[in-house]
Amino acid sequence: MLGHYKPKLLSMLDFIQILKQRYQAALTQQGIPSVSSEYALCIDQLLLAEAFIRKGQLLASDSHTPLQIAILGPTQAGKSSIVNVLLNANLAEVSPLAGYTRHAQGFCHDLQITQCHGLQRYFGRFQQLPRGLVATERYDCYFLSESPHASPYLPACVCWDTPDFDSIDAGHYREGVLRALALADMIVLVVSKEKYADQSVWDMMATLTVLQQPTLICLNKLVEGTEALLIESLKEKWQHARSDEFPGVVPLYYQKPAGMPIWPAAHAQVLLKLVEKANQGRKRQSRYEQAFLQQHWQNWLAPVRAEQQILAEWQDLVEQLVQQGMQQYQRDFLNHPYHYETFQYALTELLNLLELPGFAGLLAGTRRVLTWPLRQLMSLGRKRMHIVDTSQEMALLEQIAEHMLIQLADKLLDKTGQGNASRWWQAAASELRSQRPALLQSFTLAAKNYHLDFQQEVEKAARQLYEKLQEQPFLLNSLRATRATADAAAIALALHTGGIGLHDLVIAPAMLSLTSLLTESAIGSYVHKVEAELKQQQFSKVKQQLLMGVMQEKLAHLPEQLSQQSFFNISPEQLEAAELQLKDKDKRHGLRLF
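Sequential numbering from 2 applies to the sequence shown in our numbering.
See the structure below:
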């Protein structure tokens, strides 16, 4: 990007949210299965990271936030039944149907809902609804209610019954699951003898590793005598998915008369004993966030960096075209013997300053006819658009702009077959086609404004020549007396009053003669110096104001117009600011970087 570009200021939470949204949008455009699965995994991780950062903000703003325990597991593992057992009350609705629970449901144990006022801020766009309100068509909500009974198994906490993560419809409410899991200070994994080996279970547990939450496994729906073998198998799968210590396991046997599992008396205190670990985890929240982000950062940003590499190639192309445009301008105008007109125009201004007798008479006649003062007439002549419209320079500048866009379109066409980058180049080519008329229109307007403004530099060059001539009275009087000067003055008057075009000055014999007289005179070297300075000023202004200020500026930012439904469009500056924040442990929880 250009040096003066200032990206939008983003907190780390803002950046993670934008990155997640771009992944979600890009996923819908991907047709490659391997890429799609990789993007889906990154989206889960980013959803979890966003929620985990929100948890850090919640704890930082309210250290008295109640303890949170999340119950999770695959379809029909018996999660809601376990919630009821732990609460010692039938609050969570139980159903044999897969996907019956679609929203995270929090039950305040030994707490009042008013003590959980910070949860709405944590859940963000998810709306808190009272338990019992039907929301079958909505997934962006959660339920919160109070448990009427005290339980010997739980501390004061919010116990969350979460939807499954492996059913056909789980994709619709997966974000709600991840938000509830990221909020949790403790995790209770519920698996049955039929479901404990499912890969989806261990993929989820591997994803949660970075949160470093104390965990308990409930092995549900057991038959007497099978628990030892299943627990050994569980341990093996845990060690394959995670590197931390294998947690405690509570075996639960199905009680046919009650239809509910029985919580073993030997494990009555198991969750209460995990509270201290959970509190230690809260104290280390900032450190855990840092570790989470650093663990996944490079993988998350891989497609962004690849896109930025393409963007760097784009900027190189644009810079090359600007350089080529300046070379063409210098070759075909500034250094061209038949096209460079600006110095001849400066000489017409010089003739006005010389006050030639014959020229003065012509001007006086014109003044009487038009009843305008001489200076107003000359000013009007300088500003008239016919001078711009008949300029060889204007025609060439418009040609250069057109040529730049044609060349850029050709180069984009060459790059559209370059593997994974092909889609980006195709989109850029399409955007260039759609913006081409507006680009050329902007350039033409800027070029006309430049040409009108540069007439002040032309007048300045004329005054420099006149002041130099005043140091040479003999040469000054000789010029006033020559026929060539008088003829040139008549041409100058025709130019100012619209009788001829600016390009005619270059080939007019009288102007050529005047130029020869000046360059071969005693001030010839000074004349060349003034002309060279004028050319240098033109070169600089055309480069800065037109080719860089218009064409390069607009083309450099053209990729920002590419659809965010297909591309990440995260600037190098935004990425750099986020990485600086990631490295600064003191700037957490929403502090913004410039």
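Where is the CB? At the ideal position from N, CA and C, for every residue including glycine.
Tell me which residue opens and which closes the alpha helix (DSSP H) that threonine 343 is part of.
Its alpha helix (DSSP H) spans residues 343–355.
What do you reckon, are the CB atoms on valine 211 and alanine 292 nearer than 8 angstroms?
Yes. Within cutoff.
Hey, valine 251 and leucine 220: beta-carbon distance below 8 angstroms or not?
Taking 8 angstroms as the Cβ cut-off, valine 251 and leucine 220 qualify as a contacting pair.
If we count the other Cβ atoms within 10 Å of its Cβ and call it buried at 16 or more, is lysine 274 buried or exposed?
Exposed is the call here.
Determine the DSSP secondary structure at aspartate 390, reduced to helix, strand or coil.
Looking at aspartate 390 - three-state DSSP - the assignment turns out to be helix.
Count the CB pairs spanning the region 83–91 and the region 173–184 that are closer than 8 angstroms, and state whether there are at least three.
Verdict: no, contact absent.
Within 10 angstroms of its Cβ, does arginine 23 collect 16 or more other Cβ (buried), or is it exposed?
So arginine 23 ends up on the buried side.
Would you grab the beta carbon distance between phenylalanine 568 and glutamate 314 for me? Rounded to a whole angstrom, and I think it's under 8 angstroms.
Their Cβ separation, rounded to whole angstroms, is 14 angstroms, which puts phenylalanine 568 and glutamate 314 out of contact at 8 angstroms.
Can you tell me where the alpha helix (DSSP H) with phenylalanine 293 in it begins and where it stops?
Segment 286–330, the alpha helix (DSSP H) holding phenylalanine 293.
Can you name, in chain order, every residue of its own chain whose Cβ lies under 7 angstroms from the Cβ of valine 319, other than the five neighbours on each side?
These residues qualify, in order along the chain: Gln553, Leu556 and Ala557.
On the criterion of 16 or more Cβ atoms from any shown chain inside 10 Å, does alanine 578 qualify as buried, or is it exposed?
Buried.
Which residue marks the beginning of the beta strand (DSSP E) containing threonine 216, and which one marks its end?
Residues 216–223.
Return the chain-ordered list of same chain residues with a C-beta closer than 7 angstroms to the C-beta of serine 193, the five sequence neighbours on each side being excluded.
The residues are Ala78, Gly79, Asn221 and Lys222.
What are the start and end residues of the alpha helix (DSSP H) that includes tryptophan 264?
Segment: none, tryptophan 264 is in no alpha helix (DSSP H) and carries neither H nor E.
Among Glu225, Leu190, Glu195 and Lys196, which one has its Cα closest to the Cα of leucine 209?
The option with the nearest alpha carbon to leucine 209 is Leu190.
Grab the span of the beta strand (DSSP E) containing tyrosine 197 for me, first residue to last.
Element bounds for tyrosine 197: n/a, residue is neither H nor E.
Can you tell me whether glycine 282 is helix, strand or coil according to DSSP?
It is helical.
How about tyrosine 527 and lysine 461: are their beta carbons less than 8 angstroms apart?
Their beta carbons are not under 8 angstroms apart, which means tyrosine 527 does not touch lysine 461 by this criterion.
Sort Lys284, Tyr289, Leu253 and Leu42 by Cα distance to methionine 205 and report the nearest one.
Closest by alpha carbon: Leu42.
Considering only residues of the region 15–81, which uninterrupted alpha helix (DSSP H) runs meet the minimum length of 4 residues and lie entirely inside it, listed in chain order?
Here the runs fully enclosed are 34–62.
Are isoleucine 19 and isoleucine 571 close, meaning C-beta to C-beta below 8 angstroms?
Closer than 8 angstroms, so yes.
Among Pro164, Leu312 and Met13, whose alpha-carbon lies nearest the alpha-carbon of glutamate 561?
It is Leu312.
Suppose the cutoff is 8 angstroms on Cβ atoms and the five residues either side in sequence are ignored; what does the same chain contact list for serine 380 look like?
The predicted model places serine 380 with a pLDDT of 47, which falls under 50 and marks its position as unreliable, so this point remains unresolved.
Closest to cysteine 160 by C-alpha separation, out of Tyr197, Asn478 and Ile114, would be which residue?
Nearest option by C-alpha distance: Ile114.
Is the CB-CB distance between valine 459 and glutamate 534 below 8 angstroms?
It is not a contact, given that the beta carbons lie outside the stated cut-off.
Run through DSSP, which three-state label would serine 517 get?
DSSP places serine 517 in helix when its eight states are reduced to three.
Classify isoleucine 524 as helix, strand or coil using the three-state DSSP reduction.
Of the three classes helix, strand and coil, the one that applies to isoleucine 524 here is coil, per DSSP.
From arginine 288 to proline 573, what does the alpha carbon distance come to, in whole angstroms?
Using only the alpha carbons, I get a separation of about 26 angstroms.
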